[in-house]
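Chemist:
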Amino acid sequence: MDLNLAGKRALVGGASQGLGAACARQLALQGAEVIVLARSEEKLSEVIEQLPTAEGQKHGYICVDSGDLPALAVAVQAEVDRGGPICIWVNNTGGPAPGPAHLAATESYAAAFNQHLLSSQTLLHLLLPGMRELNYGRIINVLSTSVKTPLPNLGVSNSIRAAMANWAKTLATELAGEGVTVNNVLPGLTRTARLEGLLTFRAEAAGKTEQEVEQALLQTIPARRFAEPEEFANAVGFLASPAAAFINGINLPVDGGATASL
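Position 120 (the sequence shown) corresponds to 120 in the UniProt record's numbering; numbering is contiguous.
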């Protein structure tokens with residue numbers, strides 16, 4: 001099984017912490033040159049310092065807000081011009097704030113559409129030419145199990161994740177003949193800052209302690225535990241590899257069996 005990514009360049013979004021940082025580490029372990037992208041230069045610098053580095057690997061970072069589309073385009077194009085084609089793209093962006101769909105402001109939906117779908121299309125235009133040139137491309141979108149079953153009190157997130165999943169499936173059909181695969185990995189409840197925020201929100205909304213909310217959530221997971229970020233990153237690393245060349249257009253939950261649908 002070929003999991004070697006030596007000589008390949010990868011871009012990982014939302015990589016200053018959590019799932020993004022874990023994916024960056026996994027791709028670096030497999031030999032890729034990793035470029036991490038997020039808003040916090042300080043955190044990105046820390047992530048880069050901790051990435052495994054073998055001979056020939058030169059990691060880097062891009063400090064930009066993915067919601068600022070002009071700035072995003074300039075920054076990523078500069079990296080492509082500097083270092084060459086990027087053929088692995090872990091498309092990860094922080095999720096919208098929690099809350100019921102019917103209470104969300106119209107502006108919240110517009111901001112989520114910009115932050116997720118429009119930024120993704122912007123990056124696609126910049127990265128796809130290099131993937132075609134190399135006849136090797138891996139577009140891996142970090143979405144949510146809400147793609148399969150909408151989650152309570154995540155109205156805006158449920159909506160935009162579904163749009164992203166259909167965008168990805170359409171691309172998977174269009175690009176498969178060019179050596180480019182497009183897949184979605186769906187994290188379940190994983191020990192990240194996002195989970196901590198969700199526990200706080202649900203506890204306040206229900207008038208319970210965070211410990212009570214946590215125990216209730218654990219009962220919804222057949223594995224009876226939360227995932228670790230590294231477990232999610234393992235799935236991303238496999239999909240990025242040559243071994244996954246015939247896996248295309250799928251939604252892969254990494255959730256301990258919690259999703260109730262196939």
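For every residue, glycine included, the Cβ atom is placed at its ideal position computed from N, Cα and C.
This structure is a prediction, so every number in the text was calculated from the model and none was measured.
Would you give the residue range spanned by the beta strand (DSSP E) that residue 38 belongs to?
Modeler: Residues 33 to 38.
Chemist: Using a threshold of 8 Å, state whether the C-beta atoms of residue 10 and residue 35 are closer than that.
Modeler: Going by C-beta atoms, residue 10 is nearer than 8 Å to residue 35.
Chemist: Ordered along the chain, which non-local residues of its own chain (more than five positions away) have a Cβ less than 8 Å from that of residue 252?
Modeler: Taken in chain order, the residues that qualify are 183, 184, 185, 186, 235 and 239.
Chemist: Please give the ranges of any beta strand (DSSP E) in the region 202 to 256, keeping only runs that are unbroken, at least 3 residues long and fully inside the region.
Modeler: As far as the region 202 to 256 is concerned, its whole beta strand (DSSP E) runs of at least 3 residues are 251 to 254.
Chemist: What does the alpha-carbon distance come out to for the pair residue 167 and residue 138?
Modeler: Cα-Cα distance, rounded: 15 Å.
Chemist: Would you list, in sequence order, the uninterrupted beta strand (DSSP E) runs of no fewer than 3 residues that lie entirely inside the region 46 to 74?
Modeler: 60 to 63, all fully within the region 46 to 74.
Chemist: Does DSSP put residue 91 in a helix, a strand or coil?
Modeler: Strand.
Chemist: Scan the region 93 to 177 and note each continuous alpha helix (DSSP H) run of 4 residues or more that stays entirely inside, going in chain order.
Modeler: Qualifying alpha helix (DSSP H) stretches, in chain order: 106 to 112, 119 to 134 and 155 to 175.
Chemist: Could you give the C-beta distance for residue 89 and residue 127, rounded to a whole number, given that I count them as a contact under 8 Å?
Modeler: So it is a contact: roughly 5 Å between Cβ atoms.
Chemist: Would residue 255 be called buried (16 or more neighbouring beta carbons within 10 Å of its own) or exposed?
Modeler: The residue is buried, with at least 16 neighbouring Cβ atoms inside 10 Å.
Chemist: Closest to residue 242 by C-alpha separation, out of 38, 39 and 135, would be which residue?
Modeler: Out of 38, 39 and 135, 135 has the C-alpha closest to the C-alpha of residue 242.
Chemist: Considering only their Cβ atoms, is the gap separating residue 153 from residue 70 smaller than 8 Å?
Modeler: It is not a contact, given that the beta carbons lie outside the stated cut-off.
Chemist: Compare the beta carbon distance of residue 150 and residue 192 with 8 Å and say whether it is the shorter of the two.
Modeler: No, the Cβ-Cβ distance between residue 150 and residue 192 is not below 8 Å.
Chemist: Within this structure, are the beta carbons of residue 4 and residue 30 separated by less than 8 Å?
Modeler: The answer is yes: Cβ separation under 8 Å.
Chemist: To the nearest angstrom, how far is it from the Cα of residue 143 to the Cα of residue 189?
Modeler: Taking the straight line from one Cα to the other gives about 12 Å.
Chemist: Here's a check: name, in chain order, each residue in its chain whose Cβ is nearer than 8 Å to the Cβ of residue 118, leaving out the five neighbours to either side.
Modeler: Within the same chain, residue 118 has close Cβ partners 69.
Chemist: Return the first residue and the last residue of the alpha helix (DSSP H) that residue 20 is part of.
Modeler: Unbroken alpha helix (DSSP H) run through residue 20: 18 to 29.
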